[in-house]
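S.K.: My questions will all concern the structure given below.
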Amino acid sequence: MRMTALAGAGLLLLGLAACGNESSAGGTLTGKTYLSTSITQEGEGKPPAPDTRVRLHFTDDGRLIADAGCNTIQAPVSTGDGKITLKQPAAMTEMGCPGGRDQLDLWLINLLKSSPTWKLSGNTLTVAADGTTIALTDREIAEPDAAIDGTKWTLSGVIDSDSISHQVGAEKAWITLNGDRVTGFTGCNELNGKVARAGHIITFGELATTRRACAGDDGKLEWSLVNGLKGAMTYKIEAGNLTLSAGTNGLTFTAAR
């Protein structure tokens, strides 16, 4: 995805920073992701959408990756002295978000600019600033990872270098992995084939499909899926999202509900 620096909005250029001494606030946030369960506010500045869900990911290399359901914000961060402090101006994706949800970006940016306090108690993180209090739960508790095997994974995006595109009709295409087999549907034809496993690497053999002619968007969708599942690919699961990648290319999937 394209990233842009927003110095005027208080976002900083991406960089690395140590998280600092966090023990006084109840533990360490490094390597953890938290999802909001409630947002309470006094006075002005309520989040623009009532169903706002804040996600805060504190990376192992000292960055904060945050979103409130629209664009993704990244910045080097310090969590010492019980405060979340952006270290330098950061970067943000430039997606257009329907329903005025782009206003959530400004709301979240302003909150993070204010160096909110934080406190960790078990799996619950509390972040507070200027009359706003956000209660968040460890993502692994709030949204456990789906199983790689037996889950129907619906195609959600195609990764090409630093961008992710959504294919027309992608919700029709899916795969399911079971042991050394993969089965699925391209949006036009059924598919099946063999896979090999080694840790977080899945190696796809040649895939066979039924022979229905696929024109237009269905043909493009089938090409993206079949050609995307080739050779050795690294897989990563976070909650109900699966990413299969090989170098700078790959596919993203969502667990069907």
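Note that our numbering has the sequence shown beginning at 58, numbered continuously upward. Positions of the beta carbon are idealized from the N, C-alpha and C atoms, including for glycine.
1. For a test of the three-state rule: what should DSSP assign to G304, helix, strand or coil?
2. Among the candidates R314, G276, A192 and I216, whose CA atom is the shortest distance from the CA of R112?
3. Quick one: what does DSSP say T311 is sitting in, helix, strand or coil?
4. Mind checking L301: buried by the 16 CB within 10 Å criterion, or exposed?
5. For L63, does the three-state DSSP call read helix, strand or coil?
6. Identify the continuous beta strand (DSSP E) that holds R254 and give its terminal residues.
7. Can you tell me whether DSSP reads G288 as helix, strand or coil?
8. From what residue to what residue does the alpha helix (DSSP H) around K170 run?
9. With the cut-off set at 8 Å, would you say K251 and G244 are in Cβ contact?
10. Apart from the five residues just before and just after H223, which ones in its own chain have a Cβ nearer than 6 Å to its Cβ?
11. Do you know offhand how far I96's Cα is from S172's?
12. Could you give the distance in angstroms between the alpha-carbon of I259 and the alpha-carbon of T266?
13. When you compare the segment 173-182 with the segment 277-295, are there three or more beta-carbon pairs, one atom per stretch, that lie closer than 8 Å?
14. Output yes or no for whether 8 Å exceeds the beta carbon distance between T311 and I216.
15. Leaving out five residues before and five after A289 in sequence, what residues of the same chain have Cβ atoms less than 7 Å from its Cβ?
16. Determine whether the beta carbon atoms of T181 and T194 lie at a separation below 8 Å.
17. Under the assumption that R254 contacts T90 (Cβ atoms under 8 Å), give the Cβ distance between them as a whole number of angstroms.
18. Considering only residues of the same chain and omitting the five flanking positions on each side of T305, which have a CB-CB separation below 7 Å?
19. If we count the other Cβ atoms within 10 Å of its Cβ and call it buried at 16 or more, is L69 buried or exposed?
20. So, are the CB atoms of A148 and G126 less than 8 Å apart?
M.R.: Reading it off the structure:
1. coil
2. A192
3. strand
4. buried
5. Unreliable positioning characterises L63 in this predicted model, as indicated by a pLDDT of 45, which lies under 50. The coordinate reading is nonetheless provided below. Three-state result, L63: coil.
6. E247 to A255
7. strand
8. Q160 to K170
9. no
10. G214
11. 17 Å
12. 20 Å
13. no
14. no
15. I258, T260 and A303
16. yes
17. 25 Å between Cβ atoms; not a contact.
18. S218
19. Note that L69 has pLDDT 31, beneath the 50 cutoff, so the model's placement of it is unreliable and the number below is only indicative. Buried, because 16 or more other Cβ atoms sit within 10 Å of the Cβ of L69.
20. no
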